[in-house]
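Heads up, our numbering is the position in the sequence shown plus 3, with the first residue counted as 1.
C-beta: ideal position from N, C-alpha, C; glycine also.
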Amino acid sequence: MTQLTKTAAELLVECLEAQGSDRIFTVPGESFLAVLDALHGKSNIETVVCRQEGGAAFMACADGAMSAAGDTLRPGIAFVTRGPGATNASIGVHVAMQDSQPMILFVGDVARPMRDREGFQEVNFEAFFGPIAKWAARIDDPTRVPEYIARAYSVAVSGRPGPVVLALPEDMLCDPVAADISPRAAVARPPQAVCPDAMQAMFAMIADAASPIAIIGGAGWNSKARLGFQQFAERIGLPVATAFRRQDAIDPTSPVYAGNLGYGPNPKLIERVKNADLVLSVGARLGEATTDGYEVLTLEHPDQLLIHVHPDPDELGRVYRADLGLACSVDEFTEAASLWEDASIIPFDAGAQANADWQAWASHSPPNAPADTGPALDMAACVAAMRDALPEDSIICNGAGNFAGWWHRYWRYAGYPSQLAPTAGAMGYGVPASVAAALRHPERTVVAVAGDGDFLMNGQELATAAQYGVNLLVCVIDNGAYGTIRMHQEREYPGRVSGTGLSNPDFAMLGASFGGWSAAAATTEQFVTALNEAKNRQGLRVIHMKIDVEQLAASGATVSGLRAKA
Numbered sequence: 004m005t006q007l008t009k010t011a012a013e014l015l016v017e018c019l020e021a022q023g024s025d026r027i028f029t030v031p032g033e034s035f036l037a038v039l040d041a042l043h044g045k046s047n048i049e050t051v052v053c054r055q056e057g058g059a060a061f062m063a064c065a066d067g068a069m070s071a072a073g074d075t076l077r078p079g080i081a082f083v084t085r086g087p088g089a090t091n092a093s094i095g096v097h098v099a100m101q102d103s104q105p106m107i108l109f110v111g112d113v114a115r116p117m118r119d120r121e122g123f124q125e126v127n128f129e130a131f132f133g134p135i136a137k138w139a140a141r142i143d144d145p146t147r148v149p150e151y152i153a154r155a156y157s158v159a160v161s162g163r164p165g166p167v168v169l170a171l172p173e174d175m176l177c178d179p180v181a182a183d184i185s186p187r188a189a190v191a192r193p194p195q196a197v198c199p200d201a202m203q204a205m206f207a208m209i210a211d212a213a214s215p216i217a218i219i220g221g222a223g224w225n226s227k228a229r230l231g232f233q234q235f236a237e238r239i240g241l242p243v244a245t246a247f248r249r250q251d252a253i254d255p256t257s258p259v260y261a262g263n264l265g266y267g268p269n270p271k272l273i274e275r276v277k278n279a280d281l282v283l284s285v286g287a288r289l290g291e292a293t294t295d296g297y298e299v300l301t302l303e304h305p306d307q308l309l310i311h312v313h314p315d316p317d318e319l320g321r322v323y324r325a326d327l328g329l330a331c332s333v334d335e336f337t338e339a340a341s342l343w344e345d346a347s348i349i350p351f352d353a354g355a356q357a358n359a360d361w362q363a364w365a366s367h368s369p370p371n372a373p374a375d376t377g378p379a380l381d382m383a384a385c386v387a388a389m390r391d392a393l394p395e396d397s398i399i400c401n402g403a404g405n406f407a408g409w410w411h412r413y414w415r416y417a418g419y420p421s422q423l424a425p426t427a428g429a430m431g432y433g434v435p436a437s438v439a440a441a442l443r444h445p446e447r448t449v450v451a452v453a454g455d456g457d458f459l460m461n462g463q464e465l466a467t468a469a470q471y472g473v474n475l476l477v478c479v480i481d482n483g484a485y486g487t488i489r490m491h492q493e494r495e496y497p498g499r500v501s502g503t504g505l506s507n508p509d510f511a512m513l514g515a516s517f518g519g520w521s522a523a524a525a526t527t528e529q530f531v532t533a534l535n536e537a538k539n540r541q542g543l544r545v546i547h548m549k550i551d552v553e554q555l556a557a558s559g560a561t562v563s564g565l566r567a568k569a
């Protein structure tokens, strides 16, 4: 007998299938039981059950970020329940917005008759998420599910990618709809062509420049953009810096790579940006972190020309005065730039010079002094050991904290994608992002690096890693402090330690309790031994790295040094 109706939840899952979704991340809730039932038996959509909604949202955010490496940009998908579930998940929405990453958060909501009565766990999600999402809406009419889902995908991947939030009233999900209501066709990111006149003007400006530099990475960046821009920059000797936590935007072996901007950058790179007479920014918003509080590149940048290329026209001229703005897809732009012929440009020597500066800054050299004068566990040496031991295309995932600076400085982000790190600076991102990465790329080595404070914000997702049998190496850097805040504290209030000390568990034992292999390391030699054993194992592996809080940052900042300066 032909089925005459289906539920709105079944229609919603059909729409996810039509849009190409193959994985969702969730913490189950009674408000969307109908969706969980519709997913039952769906072998082409994997349901990954997480332990906290913030972890699920971070996984979806990272999954969307990784899709940019392929030919089709697709948002990561998370399902959470109303009230506490949605507010927990809001951190992932905030990161997806600031990082320009596509994701869709579905929130099971109160039934329609209960709305505006402050029902159980009720929140006005359109108002709550509106300021931090590209679009937030509620589906009240079950027959419009295909329309809303297609629009959500379109908004998430178009222009500047970002997050969408859709609230799903629990009674609506159970409503019957006609069986012949079908999903809309899969949404594709619309092309944004490059204006030839603008390209001509750009090349004329580059030809007139004496000391140009490029800052790349961000909205819509993908493998095509990576290759195209590298070819263009190498042809003319243009120095290329990557925006904050966008270090995989160019192959680190490129002879024009100048290093990364953000926190703790190479001082020579900062001077190069400040002294540039032309800055070409492609994909980057030129946010606070990349520009060090809008000081490295000032808002009006006198004596500098700024060419800003971004897929969102609203971003051009929003913060920075742009002398030439191009609203187009970054991959369309880089392809055009790589193929453009302009004989008036004489190749610059600056690219090779900037690369030499970066090579010197980013290379670890063992100290000449006796070993007992340095830290027992030298973080720079540990990252160098990882470079020797692990594949160069390993995916490195981290949240926020000074610990990440050692990888930003000394690791080479050779693969694409190979850096999953929030430009929004959210703690707790690294572990869930690494679970998403290990599920999406089981053929690659995935490493989560996390500080002690950072790890315990979402360390529960090790249970998710264990449940799904992913191959994952987790390095927990334990200095018994919120190290970044301690650094600022020592700078502003030297010697007056308050509110930054931590009492931690044995992270090696904690890792073992999830069924993983684990080891502890208090010296560089112990870490190298543990790393060499870990790389030959499968499954979940945890290395507890115990360091002294004196070793504050990859820049060389120490507690004693900051106090001495004060």
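Where do the ends of the alpha helix (DSSP H) carrying Pro-238 lie? Along the sequence shown, read from residue 1 onward, the residue named residue 238 stands at position 235. Looking at the sequence shown, residue 238 is not Pro but Arg. 226 to 239 is the span of the alpha helix (DSSP H), which, as asked, contains Arg-238.
On a Cα-Cα basis, can you pick out the residue from Phe-61, Gln-541, Lys-538, Asp-481 that is closest to Leu-555? Working through the sequence shown from its first residue, we reach residue 555 at position 552. Comparing Cα positions, the closest option is Asp-481.
Whole-angstrom distance between Thr-561 and Arg-494, CA atom to CA atom: Indexing the sequence shown from 1 puts residue 494 at position 491. Indexing the sequence shown from 1 puts residue 561 at position 558. The alpha-carbon atoms of Arg-494 and Thr-561 are separated by roughly 10 Å.
Does the region 459 to 466 come close enough to the region 426 to 444 to have 3 or more Cβ pairs within less than 8 Å? yes
Which two residues bound the contiguous alpha helix (DSSP H) that contains Cys-385? If you number the sequence shown from 1, residue 385 lands on position 382. That run of the alpha helix (DSSP H) goes 382 to 392.
With a threshold of 6 Å on Cβ separation, who are the neighbours of Cys-53 within its own chain once the five nearest residues in sequence on each side are excluded? Along the sequence shown, read from residue 1 onward, the residue named residue 53 stands at position 50. Excluding residues within five positions, the ones whose Cβ falls inside 6 Å are Phe-28, Val-30, Ala-59, Thr-467.
Please list, in chain order, all residues of the same chain as Arg-415 whose beta carbon is under 6 Å from its beta carbon, the five residues on each side excluded. Walking along the sequence shown from the start, residue 415 turns up at place 412. If we look at Arg-415 and ignore the five residues flanking it on each side, its Cβ neighbours are Pro-255.
Just the C-alpha distance for Gln-250 and Pro-394, rounded to the nearest angstrom, thanks. In the sequence shown, counting from the first residue as 1, residue 250 sits at position 247. In the sequence shown, counting from the first residue as 1, residue 394 sits at position 391. Going from the Cα of Gln-250 to the Cα of Pro-394 covers about 17 Å.
Would you report the Cα separation of Ser-541 and Glu-56, rounded to the nearest angstrom? Sequence index remark: in the sequence shown, residue 541 carries index 538 (1-based). Sequence index remark: in the sequence shown, residue 56 carries index 53 (1-based). Correcting the residue type first, residue 541 is Gln in the shown sequence and not Ser. The straight-line gap from Cα to Cα measures roughly 27 Å.
Taking a contact to mean a Cβ-Cβ separation below 8 Å, would you say Thr-526 touches Ala-379 in this structure? On the sequence shown, position 523 is the one that residue 526 refers to. On the sequence shown, position 376 is the one that residue 379 refers to. The answer is yes: Cβ separation under 8 Å.
Residues sharing a beta bridge with Phe-2, DSSP: Here the chain comprises residues numbered 4 to 569, so residue 2 is not present and cannot be evaluated.
Please state if the CB of Ala-484 and the CB of Leu-459 are separated by a distance shorter than 8 Å. Numbered from its first residue, the sequence shown carries residue 459 at position 456. Numbered from its first residue, the sequence shown carries residue 484 at position 481. Contact: no.
Please say whether Ala-403 and Asp-102 have beta carbons closer to each other than 8 Å? The count along the sequence shown starts at 1 and reaches residue 102 at position 99. The count along the sequence shown starts at 1 and reaches residue 403 at position 400. Contact: no.
Per-residue burial, Ile-550 [other beta carbons within 10 Å of its own, 16 or more giving buried]: Here residue 550 is taken as the residue at index 547 of the sequence shown, counted from 1. So Ile-550 ends up on the buried side.
Would DSSP call Met-4 helix, strand or coil? Counted from its first residue, the sequence shown places residue 4 at position 1. In this predicted model, Met-4 has a pLDDT of only 49, less than 50, meaning its place in the structure is not dependable; the value taken from the coordinates is given anyway. DSSP places Met-4 in coil when its eight states are reduced to three.
Presumed contact (8 Å Cβ cut-off) between Thr-10 and Leu-176, rounded CB distance: Sequence index remark: in the sequence shown, residue 10 carries index 7 (1-based). Sequence index remark: in the sequence shown, residue 176 carries index 173 (1-based). At roughly 7 Å, the Cβ-Cβ gap stays under 8 Å, so Thr-10 and Leu-176 are in contact.
I need the boundaries of the alpha helix (DSSP H) containing Thr-90, first residue and last residue. One-based indexing of the sequence shown puts residue 90 at position 87. Its alpha helix (DSSP H) spans residues 87 to 101.
Between which two residues does the alpha helix (DSSP H) harbouring Gly-514 extend? On the sequence shown, position 511 is the one that residue 514 refers to. Residues 510 to 516.
For the alpha helix (DSSP H) containing Met-548, name the first residue and the last one. The residue you call residue 548 lines up with position 545 of the sequence shown. Looking at the DSSP string, Met-548 is not in any alpha helix (DSSP H); the run it does join, the beta strand (DSSP E), is 543 to 549.
CB-CB under 8 Å to Met-208, same chain, minus the five flanking residues each way: which ones, in chain order? In the sequence shown, residue 208 corresponds to position 205, counting from 1. Around Met-208: Leu-281, Leu-308, Ile-310, Asp-326, Leu-327.
Per DSSP, which one or two residues make a beta bridge with Trp-138? For the purposes of this step, residue 138 is taken as residue 135 along the sequence shown, with counting starting at 1. Trp-138 is bridged to Val-167.
Here's the rule I'm using: 16 or more other beta-carbon atoms within 10 Å means buried, otherwise exposed. How should Asn-263 be labelled? If you number the sequence shown from 1, residue 263 lands on position 260. Counting Cβ neighbours within 10 Å, Asn-263 comes out buried, since at least 16 surround it.
Quick one: what does DSSP say Ala-562 is sitting in, helix, strand or coil? Stepping through the sequence shown from its first residue, residue 562 is reached at position 559. Note that residue 562 corresponds to Val in the displayed sequence, not to Ala. Helix.
Can Ile-107 and Val-167 be called in contact, C-beta distance under 8 Å? Your numbering for residue 107 matches position 104 in the sequence shown. Your numbering for residue 167 matches position 164 in the sequence shown. Yes, they are a contact pair.
Taking the alpha-carbon of Gly-77 as reference, which of Arg-85, Val-83, Val-500, Ala-68 has the nearest alpha-carbon? Within the sequence shown, residue 77 is the residue found at index 74, counting from 1. As written in the sequence, residue 77 is Arg, which differs from the Gly given in the question. Of Arg-85, Val-83, Val-500, Ala-68, the residue nearest in Cα terms is Ala-68.
Within 10 Å of its beta-carbon, does His-411 have 16 or more other beta-carbons around it, so buried, or fewer, so exposed? One-based indexing of the sequence shown puts residue 411 at position 408. Per the 10 Å Cβ criterion, buried.
Would Leu-176 count as contacting chain D if we go by Cβ distances under 8 Å? This model lacks chain D altogether; it includes just one protein chain.
Val-197 - partner residues in DSSP beta bridges: Position 194 of the sequence shown, counted from the first residue, corresponds to residue 197. Partner(s): none; Val-197 has no beta bridge.
Are there 16 or more other CB atoms within 10 angstroms of the CB of Pro-105, so buried, or fewer, so exposed? Stepping through the sequence shown from its first residue, residue 105 is reached at position 102. The residue in question, Pro-105, is buried, as its Cβ has 16 or more Cβ neighbours within 10 Å.
Is Arg-248 buried or exposed, if buried means 16 or more other CB atoms sit within 10 Å of its CB? Taking the sequence shown and counting its residues from 1, the one referred to as residue 248 is at position 245. Buried, by the Cβ-count rule.
Cys-400, enclosing beta strand (DSSP E) - first and last residue: Residue mapping note: residue 400 aligns to position 397 of the sequence shown, counting from 1. Run containing Cys-400: 398 to 401, per the beta strand (DSSP E) assignment.
Would you mind sorting Gln-596 into buried or exposed? The rule is 16 or more other CB atoms within 10 Å of its CB. Here the chain has residues from 4 to 569 only, and residue 596 is not among them.
Which residue's Cα is closest to the Cα of Phe-109: Met-100, Arg-120, Glu-121, Val-96? Within the sequence shown, numbered from 1, the residue matching residue 109 stands at position 106. Comparing Cα-Cα distances from Phe-109 to each of Met-100, Arg-120, Glu-121, Val-96, the minimum goes to Val-96.
Backbone CA spacing between Ser-332 and Ala-523 [nearest angstrom]: Looking up residue 332 in the sequence shown gives position 329. Looking up residue 523 in the sequence shown gives position 520. The alpha-carbon atoms of Ser-332 and Ala-523 are separated by roughly 46 Å.
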